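Trainee: Sharing a structure here in structure tokens format.
Residue numbers (UniProt numbering): 1 to 184.
Set out below in structure tokens:
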């Protein structure tokens, strides 16, 4: 087991996903990450989980603290699983924490982690977070005015992204339209 400089265990697991960002069924492969939202009066953080089957945001949480509580609250939003599921993350301390690892295990999920310092190993969620910022805050500076407006903008964007924003890889359907059309 690898150790942090402080002597605490570092629960790093293998990169099972290995940049295979395709899934044949819902909830087969999920990716998660945290992004900074430095736009309001105080820094906020967005924890997100994406289903690689259709690119749908299936769980998210916004908070002013980037800690284990943030990712656990996001993880709790995942629906009950009936089949095998992989959850892929980076090697951030919140994901390697004992609390997160135990909760993932209790849900029957297999963890996968990117190689250290390799964001391309989690490209799907990195891309979503980039699109979120570029399609909202960078285009509309007035959206940066308060934390409440920042949070509301994120919530509205996720709804738009899931229900309206079409994707070429989904046959020019939105993630929700694709899921409904291809019910398994």
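Positions of the beta carbon are idealized from the N, C-alpha and C atoms, including for glycine.
Quantities reported herein were computed from a predicted structural model and do not represent experimental measurements.
(1) Is the segment 8-24 touching the segment 70-78, taking contact as three or more C-beta pairs under 8 Å?
(2) Using only the alpha-carbon positions, how far apart do residue 96 and residue 11 sit?
(3) Can you name the start and end residues of the beta strand (DSSP E) that residue 152 belongs to?
(4) Report the residue ranges of all alpha helix (DSSP H) runs contained in full by the segment 70-123; include only those spanning at least 4 residues, in chain order.
(5) Does the count of Cβ pairs from the segment 61-72 and the segment 35-47 closer than 8 Å reach three?
(6) Any heavy atom of the ligand FMN closer than 6 Å to the CB of residue 71?
(7) Would you be able to state if there are at least three C-beta pairs under 8 Å between the segment 33-42 and the segment 88-102?
(8) What are the boundary residues of the alpha helix (DSSP H) that includes residue 181?
(9) Under a Cβ-count criterion, where at least 16 other Cβ atoms within 10 Å of its own Cβ denotes burial, should residue 119 be classed as buried or exposed?
Mentor: In this structure, then:
(1) At 8 Å Cβ cutoff, the stretches do not touch.
(2) Spanning the two alpha carbons is a distance of roughly 5 Å.
(3) Run containing residue 152: none in the beta strand (DSSP E); it sits in the alpha helix (DSSP H), 147-163.
(4) Counting only runs of 4 or more residues that sit fully inside the segment 70-123, the alpha helix (DSSP H) segments are 93-96 and 98-106, in chain order.
(5) The segment 61-72 makes contact with the segment 35-47, as at least three CB pairs between them are under 8 Å.
(6) The ligand FMN is absent from the structure shown, which contains no ligands of any kind.
(7) The segment 33-42 and the segment 88-102 touch, with three or more beta-carbon pairs separated by less than 8 Å.
(8) Run containing residue 181: 175-181, per the alpha helix (DSSP H) assignment.
(9) With fewer than 16 other CB atoms across the displayed protein chains lying within 10 angstroms of its CB, residue 119 is exposed.
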